[in-house]
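Numbering (the numbering used here), first residue to last: 211 to 294. Backbone N, C-alpha and C define an ideal beta-carbon position, used for all residues, glycine too.
Listed below in structure tokens is the structure:
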């Protein structure tokens, strides 16, 4: 993950590992539900956010529909993980 150097940071979970953009797009359409949960991606995102906040930085997460199928649903899941 490395070190943060700016006052804010951005993470953008995109496609699953080793999956092309086109394959992820086709798999996720019509973006109305979670096609496959990606627990490692979620854990990495939570770790990223916790590290940024611990260092007093603003952190922004831009979730892509192609990651799990419907961007709002993984955002809810990560939010719940952060509360635990």
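Residue i, buried or exposed, once every other Cβ within 10 Å from all chains shown has been counted against 16
i, result
"residue 223", "buried"
"residue 277", "buried"
"residue 275", "buried"
"residue 216", "exposed"
"residue 273", "buried"
"residue 266", "exposed"
Coil, strand or helix - residue i by DSSP
i, result
"residue 276", "helix"
"residue 236", "helix"
The beta strand (DSSP E) enclosing residue i, as first and last residue numbers
i, result
"residue 219", "218-221"
In DSSP terms, what residue i is bridged to
i, result
"residue 269", "219"
Run of the alpha helix (DSSP H) containing residue i, from where it starts to where it stops
i, result
"residue 258", "249-264"
"residue 282", "282-293"
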